[in-house]
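Q: Following full-length UniProt numbering, the numbering of the sequence shown begins with 1 at its first residue and continues without gaps.
Quick reminder that beta carbons are idealized off the backbone N, C-alpha and C, glycines included.
There's a structure below that I have some questions on.
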Amino acid sequence: MGWFKSSYSGTSGGDCVEVAVAPGVVRVRDSKDTGRPGLRVADTSWADFVAYARG
Numbered sequence: 001m002g003w004f005k006s007s008y009s010g011t012s013g014g015d016c017v018e019v020a021v022a023p024g025v026v027r028v029r030d031s032k033d034t035g036r037p038g039l040r041v042a043d044t045s046w047a048d049f050v051a052y053a054r055g
């Protein structure tokens with residue numbers, strides 16, 4: 001599972017939210033704390049969140 005961040009994120013490296021996608025699940029973590037596995041969210045819930053955030 002590879003982690004990625006938005007192309008809109010800064011280049012300083014420590015101020016981003018990173019996301020990793022696997023079948024049925026999305027993990028979200030703070031780029032400043034990569035030692036933790038991240039928050040686990042169902043892929044359908046993540047899709048709902050992204051749709052809401054986009055407006």
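(1) Can you tell me whether R27 is helix, strand or coil according to DSSP?
(2) Secondary structure at R40, three-state DSSP: helix, strand or coil?
(3) Buried or exposed, going by whether 16 or more other CB atoms sit within 10 Å of the CB of V54?
(4) Work out the CA separation of D15 and S30 for me, nearest whole Å.
(5) Excluding the 5 residues flanking V25 on each side, which residues of the same chain have their C-beta closer than 8 Å to its C-beta?
A: The answer reads as follows:
(1) It is a strand residue.
(2) The answer is strand: DSSP assigns R40 an E or B state.
(3) Sequence inspection shows Arg at residue 54; the Val mentioned does not correspond to that position. With a threshold of 16 other beta carbon atoms within 10 Å, R54 falls short and is exposed.
(4) Residue identity check: residue 30 is Asp in the sequence provided, not Ser. Between D30 and D15, the C-alpha separation is close to 8 Å.
(5) Here the set comprises R40, V41, A42, D43.
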